[in-house]
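Protein chains in written order, with my numbering: chain F, 1 to 113; chain C, 114 to 227.
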Amino acid sequence: SQQGEEDPQALSIQEGENATMNCSYKTSINNLQWYRQNSGRGLVHLILIRSNEREKHSGRLRVTLDTSKKSSSLLITASRAADTASYFCATDRRGGATNKLIFGTGTLLAVQP
Amino acid sequence: SQTIHQWPATLVQPVGSPLSLECTVEGTSNPNLYWYRQAAGRGLQLLFYSVGIGQISSEVPQNLSASRPQDRQFILSSKKLLLSDSGFYLCAWSAGLPSTDTQYFGPGTRLTVL
Numbered sequence: 001s002q003q004g005e006e007d008p009q010a011l012s013i014q015e016g017e018n019a020t021m022n023c024s025y026k027t028s029i030n031n032l033q034w035y036r037q038n039s040g041r042g043l044v045h046l047i048l049i050r051s052n053e054r055e056k057h058s059g060r061l062r063v064t065l066d067t068s069k070k071s072s073s074l075l076i077t078a079s080r081a082a083d084t085a086s087y088f089c090a091t092d093r094r095g096g097a098t099n100k101l102i103f104g105t106g107t108l109l110a111v112q113p
Numbered sequence: 114s115q116t117i118h119q120w121p122a123t124l125v126q127p128v129g130s131p132l133s134l135e136c137t138v139e140g141t142s143n144p145n146l147y148w149y150r151q152a153a154g155r156g157l158q159l160l161f162y163s164v165g166i167g168q169i170s171s172e173v174p175q176n177l178s179a180s181r182p183q184d185r186q187f188i189l190s191s192k193k194l195l196l197s198d199s200g201f202y203l204c205a206w207s208a209g210l211p212s213t214d215t216q217y218f219g220p221g222t223r224l225t226v227l
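1) Less than 6 Å between C-beta atoms, sequence neighbours within five positions excluded: which residues of the same chain meet that for residue 14(F)?
2) Rank 124(C), 177(C), 121(C) by C-alpha distance to the C-alpha of residue 193(C) and give the top, closest one.
3) Just to confirm my understanding: we take residue 140(F), look at its own chain, exclude 5 residues before and 5 after, and list those with CB closer than 7 Å. What are they?
4) Per the contact definition of three or more C-beta pairs closer than 8 Å, is the stretch 99–110 of chain F in contact with the stretch 44–53 of chain F?
5) Please classify residue 214(C): is it buried, with 16 or more other beta-carbons within 10 angstroms of its beta-carbon, or exposed?
6) With H, G and I counted as helix, E and B as strand and the rest as coil, what does DSSP make of residue 2(F)?
7) What's the C-alpha gap between residue 140(C) and residue 78(F)?
8) Excluding the 5 residues flanking residue 103(F) on each side, which residues of the same chain have their C-beta closer than 6 Å to its C-beta?
9) Consider the Cβ of residue 168(C): report whether some Cβ of chain F lies at a distance smaller than 8 Å.
10) When you compare the stretch 163–171 of chain C with the stretch 116–132 of chain C, are there three or more beta-carbon pairs, one atom per stretch, that lie closer than 8 Å?
11) What span of residues does the beta strand (DSSP E) with residue 110(F) cover, start to end?
12) Mind listing which residues of the stretch 36–61 of chain F have their C-beta closer than 8 Å to chain C's C-betas, in chain order?
13) Please report how far the alpha carbon of residue 195(C) lies from the alpha carbon of residue 224(C), in whole angstroms.
14) By a C-beta neighbour count over all protein chains shown, 10 Å radius and 16 as the cutoff for buried, is residue 40(F) buried or exposed?
15) Show which residues of chain C have a CB atom less than 9 Å away from the CB atom of residue 33(F).
16) Nearest-angstrom Cα distance between residue 150(C) and residue 63(F)?
17) Can you tell me whether residue 203(C) is helix, strand or coil according to DSSP?
18) Residues in the same chain with beta-carbon distance under 7 Å from residue 129(C), minus the five sequence neighbours each way, listed in chain order, please.
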């Protein structure tokens, strides 16, 4: 079964609005990553947050991690039409093989111009 | 800088035919290599990963196999394709150091089995 599950499955917003996506996981982790995938393309790494971190920023991206709730959120501020893509969380399971990631099912974000 | 290549970009194959997808990485040595499959509108399923030449770990039992004949080459194969093998196949690499966990993905191969 998937380690991570994103919520919502799909999100449609207007340009300029903020987009928030959530990810829940089941087992203890070393780190959690967010990736982006444009339609029909490979995944692009966005940000990595380690289990001892609570919040991390990168440009218009803000990621939070709550290990007690086994959840993470990705916030994209001031969204643009070019942010339209699928967003996946991925976890590196603690105690598992190094660099083996488990991906969630993704959130499809549509930003309307 | 590092780059990752996959080919072909698209492939249409009949049921029962063989398959060979290739992935190569440039600009790094001793990478961890991965094959994923993504069904339409779904997440990624890890199929195989490799931490070195000739070392392959299989995640999902199926009619696919993987090989790593060279340090930066990863091949996904099948002797006889099934309809259920259709999907988007992604190759990825990550650095061999445990402190670096980011994976870098290739452009993918769209496989349609008819």
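Beta carbons are placed, not taken as given, at the ideal position from N, Cα and C, and that holds for glycine. As the structure is a computational prediction, the values presented were derived from the model and not from experiment.
Taking the geometry as given:
1) 112
2) 177(C)
3) This structure cannot settle anything about residue 140(F), because the visible part of chain F is limited to 1 through 113.
4) no
5) buried
6) Caution applies to residue 2(F), whose pLDDT of 38 falls short of 50 and renders its modelled position unreliable; the model cannot decide the point.
7) 35 Å
8) 88, 90
9) no
10) no
11) 107–112
12) 40, 41, 42, 43, 44, 45, 48
13) 11 Å
14) exposed
15) 214, 215, 216
16) 26 Å
17) strand
18) 193, 194
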